[in-house]
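Participant:
Numbering (my numbering), first residue to last: 1 to 251.
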């Protein structure tokens, strides 16, 4: 138990330190002008959905459901449950991705109405959002695999995955001269981080023997129980997210 706490705590500390370094590099490279505004708008959209549907509500509903199936029916039944939920999750994310890419200008206009009257910043925000939004699909699958690993007493990869976002952003920002501008460098840093985070937990899951194999979703009793828990979790996560944003703006 102490070893597990130390593992998670150690990676959390590394995440905080690397996050501080990321913020310093971001401030130095992006600054506080129009380019930074465009990037933060582009990063807000996938993060908004992630906070509600991935690391928030989804994790709160999926991890207990998976752990219950694992305990009551064994590893094979738990793998089947995870495979079916993963297939449904990726299908939903692909629909969201298609809609987001198709209606990006409209979504950015709602998220940041102040940019509408500034064509340069608005166009940049739209372009960057189309790069960052796939991060949602990648981190959603990463969250599912992290839950599977945690339920199987594997914590290191799941705890270390957030560090990769900071490392990726630091790396691409330092290489900003090789991109169209620093905003593009940061946006691609987010996209690369999503791939790296998913690969990290996917490889660990494969090594543990609990890797995902997409299978056709079915509305079996385990899935129905999961969906019943997911609805209230989404409502709760949405409320917490709105409260956090409101307090952040007031502070």
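Here a beta-carbon is modelled for each residue, glycine too, at the ideal position from N, C-alpha and C.
Look at the alpha carbon of residue 191 and the alpha carbon of residue 22, and state the distance between them as a whole number of angstroms.
Facilitator: Their backbone Cα atoms lie some 16 Å apart in a straight line.
Participant: If I measure Cβ to Cβ from residue 89 and keep anything under 8 Å in the same chain, skipping five residues before and after, which residues do I get?
Facilitator: Taken in chain order, the residues that qualify are 58, 140, 141, 144.
Participant: Would you decide whether residue 180 is buried or exposed? Buried here means 16 or more other CB atoms lie within 10 Å of its CB.
Facilitator: It is exposed - the Cβ of residue 180 has fewer than 16 other Cβ atoms within 10 Å.
Participant: How many Å lie between residue 86 and residue 38 at the Cα?
Facilitator: Cα-Cα distance, rounded: 32 Å.
Participant: Using 10 angstroms around the beta-carbon of residue 70, count the other beta-carbons present and answer buried if the total reaches 16, otherwise exposed.
Facilitator: Per the 10 Å Cβ criterion, buried.
Participant: Since residue 118 is in the alpha helix (DSSP H), which residue starts that stretch and which ends it?
Facilitator: First-last for residue 118: undefined, no H or E at that position.
Participant: Which whole-angstrom value describes the C-beta separation of residue 65 and residue 225, a residue pair presumed to lie in contact below a C-beta threshold of 8 Å?
Facilitator: Right, the Cβ-Cβ distance comes to about 6 Å (below 8 Å), so this counts as a contact.
Participant: Just verifying my parser: in three-state terms, what is the DSSP assignment at residue 220?
Facilitator: Correct three-state label for residue 220: coil.
Participant: If you draw a straight line from the C-alpha of residue 74 to the C-alpha of residue 202, how long is it?
Facilitator: Roughly 21 Å separates the two Cα atoms.
Participant: Determine the burial state of residue 178: buried for a count of at least 16 other Cβ atoms within 10 Å of its Cβ, exposed for fewer.
Facilitator: The residue is exposed, with fewer than 16 neighbouring Cβ atoms inside 10 Å.
Participant: Can you say whether residue 117 is buried or exposed, counting buried as having 16 or more other CB atoms within 10 angstroms of its CB?
Facilitator: When all chains shown are included, residue 117 counts as exposed.
Participant: Is the Cβ-Cβ distance between residue 233 and residue 200 less than 8 Å?
Facilitator: Not a contact, by the Cβ cut-off of 8 Å.
Participant: Apply the 10 Å Cβ neighbour rule to residue 153 and answer buried if 16 or more other Cβ atoms are within range, or exposed otherwise.
Facilitator: Exposed, because fewer than 16 other Cβ atoms sit within 10 Å of the Cβ of residue 153.
Participant: Who are the Cβ neighbours of residue 158 in its own chain at under 7 Å, not counting the five residues just before and after it?
Facilitator: Hits under 7 Å: 146, 149, 150, 201.
Participant: In whole angstroms, what is the alpha-carbon distance linking residue 184 and residue 193?
Facilitator: The straight-line gap from Cα to Cα measures roughly 14 Å.
Participant: Name the residue from 96, 103, 63 whose alpha carbon lies nearest to the alpha carbon of residue 81.
Facilitator: Checking every option, the nearest Cα to that of residue 81 belongs to 63.
Participant: What do you get for residue 113, buried or exposed, if any count of 16 or more other CB atoms within 10 angstroms of its CB means buried?
Facilitator: Label assigned to residue 113: exposed.
Participant: Is the number of C-beta pairs between the segment 95-111 and the segment 33-49 that are closer than 8 Å three or more?
Facilitator: Result yes; three or more Cβ-Cβ pairs closer than 8 Å.
Participant: Considering only residues of the same chain and omitting the five flanking positions on each side of residue 216, which have a CB-CB separation below 8 Å?
Facilitator: So the list reads 84, 87, once near-sequence residues are dropped.
Participant: Near residue 8, what residues of its chain come up, given a Cβ to Cβ distance below 8 Å and the 5 sequence neighbours on each side ignored?
Facilitator: Cβ neighbours of residue 8 beyond the five flanking positions: 155, 159.
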